[in-house]
Amino acid sequence: MKQLSEQPKVSLGRSTADRLRMAIGFEVIGLLLLIPIGSLILNKPASELGWLAVLMSLIATWWNYQFNQLFDRYYLSPRGRTYKTQSERIYHAIGFECGLLIAILPVTAWYLNITLWDALLLDLGFMLFYLVYGYFYHWMYDVVFPPKASST
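Residues 748 to 899 in the numbering used here are what the sequence shown lists, from first letter to last.
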């Protein structure tokens with residue numbers, strides 16, 4: 748049985764420009780969906796929720812780029828493949844959202860001047876939305892812009 752370090756290395760075929768397109772597209776489409784829906788549910792003006800959403804989006808864009816690069820490098824590449832199974836897509840989405848939750852919780856509490864508990868409940872709602880959205884977005888992104896594998 749080959750050791751993990753003996754596995755052939757695979758270039759995952761995602762350039763920096765492609766990764767940036769993926770991350771920015773994810774956030775822009777997410778904002779276009781989340782702001783009007785969140786405004787209705789929370790009974791807050793879209794402008795107030797919009798500024799928080801944009802701030803969270805900037806944090807999330809950075810995290811999206813970092814997380815996907817780490818996931819590909821340390822999870823997919825050692826396995827010699829570019830695709831994710833359905834269960835891996837679920838783990839990917841959950842891992843991304845949990846890491847993001849840690850980063851945005853204090854920002855939400857501060858911006859809305861609410862307790863950490865209330866911020867947690869609100870962010871869990873955002874997380875649920877983005878968990879489902881993220882699963883489908885990344886799946887469709889891989890269909891529209893498939894990664895190109897090449898042995899290195």
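Quick reminder that beta carbons are idealized off the backbone N, C-alpha and C, glycines included.
Here the structure is a predicted model, which means the values were calculated and not measured.
For residue j and residue i, the rounded distance between their alpha carbons
i: S824; j: Q816; result: 10 angstroms
i: L875; j: G827; result: 31 angstroms
i: N790; j: T862; result: 18 angstroms
i: Y822; j: A840; result: 14 angstroms
i: S804; j: E774; result: 6 angstroms
i: T829; j: K895; result: 8 angstroms
i: D870; j: L802; result: 13 angstroms
i: A850; j: N811; result: 12 angstroms
i: G772; j: Y880; result: 12 angstroms
i: N860; j: Y877; result: 23 angstroms
i: A688; j: I776; result: Outside the shown range of the chain, which is 748 to 899, sits residue 688, and nothing can be said about it.
i: S834; j: T763; result: 26 angstroms
i: R761; j: I788; result: 37 angstroms
i: C845; j: L780; result: 21 angstroms
First through last residue of the alpha helix (DSSP H) which encompasses residue i
i: D889; result: L863 to V891
i: S804; result: A793 to F818
i: G846; result: Q833 to L859
i: T763; result: T763 to L789
Beta carbon of residue i nearer than 8 angstroms to that of residue j
i: A800; j: I782; result: yes
i: D765; j: F892; result: yes
i: L867; j: L847; result: no
i: L796; j: S786; result: yes
i: R820; j: H885; result: no
i: F843; j: F873; result: no
i: A770; j: T832; result: no
Contact set for residue i: own chain, Cβ-Cβ below 7 angstroms, skip 5 residues either direction
i: A856; result: T862, L863 and A866
i: F818; result: H839
i: M887; result: none
i: V890; result: none
8 angstroms CB neighbourhood of residue i in its chain, flanking five on each side removed
i: W798; result: Y858
i: L767; result: Y812
i: I806; result: L847, A850, I851 and V854
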